[in-house]
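Visitor:
Protein chains in written order, with the working numbering: chain A, 6 to 158; chain B, 10 to 660.
#1: Give the interface partners of residue 50/A over in chain B, defined as CB-CB distance under 7 Å, in chain order.
#2: Could you tell me which chain A residues have their CB closer than 7 Å to the CB of residue 376/B, listed as they occur along the chain?
#3: Look at the alpha carbon of residue 177/B and the alpha carbon of residue 122/B, and state the distance between them as a whole number of angstroms.
#4: Measuring straight from C-alpha to C-alpha, what distance separates residue 418/B and residue 220/B?
#5: Can you list, in chain order, the stretches of the alpha helix (DSSP H) that have 4 or more residues and sit fully within the region 349 to 403 of chain B?
#6: From 71/A, 119/A, 113/A, pick the residue whose C-alpha is nearest to that of residue 104/A; which is it?
#7: Between the alpha carbons of residue 620/B and residue 415/B, how many angstroms are there, rounded?
#8: Quick one: Cα of residue 282/B to Cα of residue 352/B, how far?
#9: For the structure I just gave you, are there three or more beta carbon pairs, one from the region 111 to 129 of chain B and one from the region 57 to 67 of chain B, closer than 8 Å?
#10: Run through the DSSP bridge pairs and tell me what residue 606/B is partnered with.
#11: Would you call residue 518/B buried or exposed, if buried means 16 or more other Cβ atoms sit within 10 Å of its Cβ?
#12: Which same chain residues, not among the five before or five after residue 266/B, have their C-beta less than 8 Å away from its C-beta?
#13: For residue 298/B, which three-state DSSP category applies?
#14: Checking 8 Å against the spacing of the C-beta atoms, do residue 530/B and residue 559/B come in under that value?
#15: Run down chain B in chain order and give the residues with a C-beta less than 8 Å from the C-beta of residue 86/A.
#16: What does the alpha-carbon distance come out to for the pair residue 77/A and residue 46/A?
#17: Hey, is residue 113/A's beta-carbon within less than 8 Å of any beta-carbon in chain B?
#18: Would you call residue 555/B buried or exposed, if buried means 16 or more other Cβ atoms sit within 10 Å of its Cβ?
#19: DSSP puts residue 111/A in a beta bridge; with which residues?
#20: Please state the DSSP three-state secondary structure of residue 283/B.
#21: Nearest CA to the CA of residue 343/B: which residue from 450/B, 454/B, 203/B?
#22: Starting from the Cα of residue 64/A, find the closest Cα among 10/A, 91/A, 74/A and give me that residue.
#23: Short check: CB of residue 47/B to CB of residue 131/B, under 8 Å?
#24: Taking buried to mean at least 16 other C-beta atoms within 10 Å of its own C-beta, is residue 429/B buried or exposed?
#25: With H, G and I counted as helix, E and B as strand and the rest as coil, what does DSSP make of residue 558/B?
#26: Identify the contact partners of residue 594/B in chain A, using a Cβ-Cβ distance below 8 Å as the criterion.
#27: Does DSSP classify residue 106/A as helix, strand or coil?
#28: Using 8 Å as the limit for Cβ to Cβ distance, is residue 74/A near chain B?
#29: For the alpha helix (DSSP H) that contains residue 137/B, what are its first and last residues?
#30: Measure the Cβ-Cβ separation of residue 85/A and residue 141/A and say whether it is below 8 Å.
#31: Please report how far the alpha carbon of residue 585/B lies from the alpha carbon of residue 97/B, in whole angstroms.
#32: Report yes if the CB atom of residue 662/B is closer than 8 Å to the CB atom of residue 85/B, and no otherwise.
#33: Between residue 145/B and residue 401/B, what straight-line distance do the alpha-carbon atoms span, to the nearest angstrom?
#34: Is the separation between the beta-carbon of residue 644/B and that of residue 491/B shorter than 8 Å?
#35: Measure the alpha-carbon distance for residue 431/B versus residue 115/B and round it to whole angstroms.
#36: Comparing alpha-carbon positions, which option in 376/B, 598/B, 635/B, 581/B lies nearest residue 27/A?
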């Protein structure tokens with residue numbers, strides 16, 4: 006091979022290897038750093054291990070919000086229609102947190118089955134439904150229907 | 010009912026026709042080698058810009074006149090909305106912001122047409138052909154899927170739905186236009202690069218033409234991103250200034266690539282190297298800004314379902330993106346092998362440092378791209394719903410920036426062609442020693458404890474400052490009077506690099522020495538945070554033009570001195586019923602005191618968030634330095650000298 010071409014080939018191989026390694030490392034670290042979304046049904050099914058950080062989302066059950074009298078602690082229940090999970094949070098809830106509204110909470114499951122949130126998100130739009138929550142509701146709804154169907158036979 | 014919306018739409022259609030002619034006529038001219046046909050490119054570009062201006066003025070008229078028969082106005086305005094916000098509501102949602110995008114795009118095309126008299130006619134024709142093609146695509150998209158002038162007839166709503174309260178703010182009047190100026194400005198670099206590639210004119214002259222335009226776009230992009238960060242900081246109510254949110258990432262990626270492009274253009278201009286690489290960067294920078302604008306606007310980033318819910322828009326966007334990126338890469342694939350870079354350089358040379366700069370910036374952009382698109386890909390493949398947290402972006406981005414900053418020092422000092430580590434070492438050893446000493450001392454001064462992250466961050470920032478100033482001193486031959494006589498582009502570079510250092514200092518300090526606390530406060534309550542004592546004086550009500558709010562008055566004391574009285578609010582907008590947190594901030598160069606109201610609690614108390622943010626202003630001050638530096642560089646004499654000389658030549 007022509008020495009100039011050989012040099013160029015080596016350079017290209019080197020670059021490809023570098024980029025490949027970079028992308029590989031990026032992808033690996035990505036897979037270690039993602040937060041999965043879990044619906045109340047999935048949490049109730051035991052799909053979340055205690056201590057893992059996940060995002061849980063659902064509708065805030067009307068009448069379930071309890072506040073501490075002297076501090077900022079708050080407890081509420083989120084539901085996807087099929088299952089419910091109690092969430093605890095210490096801090097200021099977002100402006101659009103309302104009963105009946107879809108929210109997403111980032112946090113960990115405690116051993117007693119309570120979800121301890123470090124962050125609660127509700128989007129800045131009255132009509133907005135977090136897409137994950139919508140999806141969870143649809144799934145729970147479908148499953149409910151299917152269960153009903155199969156119960157008939 | 011006025012006909013203004015129809016006039017606006019008509020102007021849009023006229024603009025589309027002119028855009029078609031803008032590529033059709035000069036293309037024929039290029040084919041037939043007829044200069045008089047090529048010469049039509051300029052007036053056509055100007056005409057297109059004028060019609061687009063008319064069109065956006067028509068939309069502004071509809072907003073100001075509260076013409077709710079136009080559905081875009083009905084969805085994004087309200088009679089009670091202050092006039093300034095009625096105007097800025099033009100870019101408050103998809104259709105209007107796309108129109109703004111197009112208007113700014115055509116203004117850049119017009120600027121190219123008017124201010125490039127020195128360019129050979131075939132070059133300017135090619136540039137405007139490419140810009141015309143892009144404009145045609147996006148005008149079609151605008152008219153076909155996102156027409157801001159559509160009417161809601163016959164049932165006209167009596168009142169508009171109001172502009173999203175988050176957007177009723179000064180920051181949102183200025184942030185999107187500035188950001189878009191940056192996005193679409195990159196189209197000029199893109200068109201220049203493709204035109205040069207097609208015309209076989211990839212030479213130093215091309216790089217010299219291209220540089221000021223690229224720098225101008227980069228300046229706008231820098232300011233646009235900084236404005237966005239500043240807006241998010243005070244308007245979202247919890248004091249964050251960068252969230253690694255997909256929308257922010259979408260603007261950061263083109264910025265990173267554009268920064269690489271600026272540096273690569275320098276090599277191409279001075280040394281005639283990296284030509285095909287520069288072209289590729291120009292293509293990537295513009296492609297990423299297209300990806301940014303449209304992915305954000307189509308809603309794909311919040312959810313793939315948003316994409317599916319409006320398939321027409323989504324598919325149109327994908328096709329346009331594919332044509333732009335695919336077409337330009339195809340041209341590149343065919344033409345790039347003919348490009349010859351002449352000249353050699355050694356391993357240790359300014360060329361090498363700039364190459365490393367480019368690689369690091371590209372890797373950073375790639376990391377951001379991956380992190381942004383990964384959740385989409387996973388969702389699309391049906392593998393679940395995930396999100397990538399800020400910690401991932403930080404752990405990828407920060408190390409790259411540290412290496413980049415370290416390379417910046419010797420990079421600025423290195424000679425072209427060949428240099429030696431020995432010489433560079435000799436130049437920097439004193440600076441390095443001083444930097445390490447100061448950097449290690451900083452965390453002790455701040456809170457009496459050592460913190461290696463702060464020390465490292467300060468070290469890289471001070472390293473940039475030290476090396477930049479040492480080089481400045483060297484270049485001005487150790488005479489202070491000569492500093493101002495150095496050429497503008499060098500002065501610009503110094504300012505921009507100092508800006509990078511200032512931003513790094515801001516980021517390091519605000520990340521490590523900020524404290525915050527959420528407390529429950531009733532009238533007369535006190536809370537202590539850091540050196541400051543916050544006292545809630547009273548709670549009350551305020552009535553604004555289109556909102557009512559609960560407000561608090563909080564005095565802040567440092568020792569016995571009252572340093573500030575802040576009035577945070579919790580607003581409720583009448584038209585939409587939306588609740589908005591209006592934080593109040595006591596600003597200073599060394600720290601911001603940030604107070605925002607959370608939610609009402611039992612017994613007449615409020616949840617209140619108190620924050621002391623160290624060095625917050627520095628983050629944006631650095632961006633201003635970078636922008637001013639870029640602006641100075643554009644003013645460099647050699648970009649204008651060229652024009653003067655070629656004018657003489659034509660006489």
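All C-beta atoms, glycine included, are put in the ideal place defined by N, C-alpha and C.
Guide: On the basis of the supplied data:
#1: For this step, residue 50/A is matched to residue 45 along the first chain. Near residue 50/A there are no residues of chain B at all, since even the closest Cβ is about 15 Å away, more than 7 Å.
#2: One-based indexing of the second chain puts residue 376/B at position 367. Ordered by position in chain A, the residues that pass the 7 Å Cβ test against residue 376/B are 31.
#3: What you label residue 177/B is simply residue 168 of the second chain in a count that begins at 1. What you label residue 122/B is simply residue 113 of the second chain in a count that begins at 1. For residue 177/B and residue 122/B, the distance between alpha carbons rounds to 36 Å.
#4: Here residue 418/B is taken as the residue at index 409 of the second chain, counted from 1. Here residue 220/B is taken as the residue at index 211 of the second chain, counted from 1. Approximately 23 Å, taken between the alpha carbons.
#5: 359 to 389
#6: To locate residue 104/A, count along the first chain from 1; it is residue 99. That would be 71/A, whose Cα lies nearest to the Cα of residue 104/A.
#7: Indexing the second chain from 1 puts residue 620/B at position 611. Indexing the second chain from 1 puts residue 415/B at position 406. When rounded, the distance between both Cα atoms is 32 Å.
#8: Translated into the one-based positions of the second chain, residue 282/B becomes position 273. Translated into the one-based positions of the second chain, residue 352/B becomes position 343. Looking at the two C-alpha atoms, the distance is approximately 7 Å.
#9: yes
#10: If you number the second chain from 1, residue 606/B lands on position 597. Answer is 617/B, bridged to residue 606/B.
#11: Residue numbering aside, residue 518/B sits at position 509 when the second chain is read from its first letter. Its Cβ being crowded by 16 or more others within 10 Å, residue 518/B is buried.
#12: As a first step, residue 266/B must be located in the second chain, where it is residue number 257. If we look at residue 266/B and ignore the five residues flanking it on each side, its Cβ neighbours are 290, 293, 294, 297, 370, 371, 374.
#13: Translated into positions along the second chain, residue 298/B becomes position 289. In the structure shown, residue 298/B sits in a helix (DSSP, three-state: H, G or I).
#14: Indexing the second chain from 1 puts residue 530/B at position 521. Indexing the second chain from 1 puts residue 559/B at position 550. Result no, Cβ atoms of residue 530/B and residue 559/B do not sit closer than 8 Å.
#15: By one-based count along the first chain, residue 86/A stands at place 81. Those do not exist, as residue 86/A stays about 18 Å from chain B at its closest Cβ, beyond 8 Å.
#16: Translated into the one-based positions of the first chain, residue 77/A becomes position 72. Translated into the one-based positions of the first chain, residue 46/A becomes position 41. Distance between the alpha carbons of residue 77/A and residue 46/A: 28 Å.
#17: Start at 1 with the first residue of the first chain, and residue 113/A comes out as number 108. No, residue 113/A lies away from the interface with chain B (no Cβ there is under 8 Å from its Cβ).
#18: The count along the second chain starts at 1 and reaches residue 555/B at position 546. Residue 555/B comes out buried.
#19: As a working note, residue 111/A is residue 106 in the first chain. In the DSSP output, where bridge partners are listed per residue, residue 111/A has 60/A, 124/A.
#20: Numbered from its first residue, the second chain carries residue 283/B at position 274. Three-state DSSP puts residue 283/B in coil, outside helix and strand.
#21: Your numbering for residue 343/B matches position 334 in the second chain. Residue 343/B has its Cα closest to that of 203/B, out of 450/B, 454/B, 203/B.
#22: Mapped onto the first chain, residue 64/A falls at position 59. Nearest of 10/A, 91/A, 74/A to residue 64/A, Cα basis: 91/A.
#23: The residue you call residue 47/B lines up with position 38 of the second chain. The residue you call residue 131/B lines up with position 122 of the second chain. Against a cut-off of 8 Å, the Cβ pair of residue 131/B and residue 47/B comes out as a contact.
#24: Taking the first residue of the second chain as position 1, residue 429/B is located at position 420. Residue 429/B should be labelled exposed.
#25: The residue labelled residue 558/B in the question sits at position 549 within the second chain. Three-state DSSP puts residue 558/B in a strand.
#26: Taking the second chain and counting its residues from 1, the one referred to as residue 594/B is at position 585. Per Cβ cutoff of 8 Å: no residues; residue 594/B is ~17 Å from chain A at best.
#27: Locating residue 106/A in the first chain gives position 101, counting from the first residue. Reduced to three states, the DSSP call for residue 106/A is coil.
#28: Your numbering for residue 74/A matches position 69 in the first chain. Chain B contact via Cβ: present.
#29: What you label residue 137/B is simply residue 128 of the second chain in a count that begins at 1. Start and end: 130 to 154.
#30: What you label residue 85/A is simply residue 80 of the first chain in a count that begins at 1. What you label residue 141/A is simply residue 136 of the first chain in a count that begins at 1. Yes.
#31: Along the second chain, read from residue 1 onward, the residue named residue 585/B stands at position 576. Along the second chain, read from residue 1 onward, the residue named residue 97/B stands at position 88. Between residue 585/B and residue 97/B, the C-alpha separation is close to 18 Å.
#32: As displayed, chain B neither begins before 10 nor continues past 660, which places residue 662/B out of reach and without an answer.
#33: In the second chain, the residue the question calls residue 145/B occupies position 136. In the second chain, the residue the question calls residue 401/B occupies position 392. Distance between the alpha carbons of residue 145/B and residue 401/B is about 39 Å.
#34: Position 635 of the second chain, counting from 1, holds the residue named residue 644/B. Position 482 of the second chain, counting from 1, holds the residue named residue 491/B. No, the pair does not count as a contact, with Cβ atoms beyond the cut-off.
#35: Position 422 of the second chain holds residue 431/B. Position 106 of the second chain holds residue 115/B. Taking the straight line from one Cα to the other gives about 51 Å.
#36: Stepping through the first chain from its first residue, residue 27/A is reached at position 22. Minimum Cα distance to residue 27/A is reached at 376/B.
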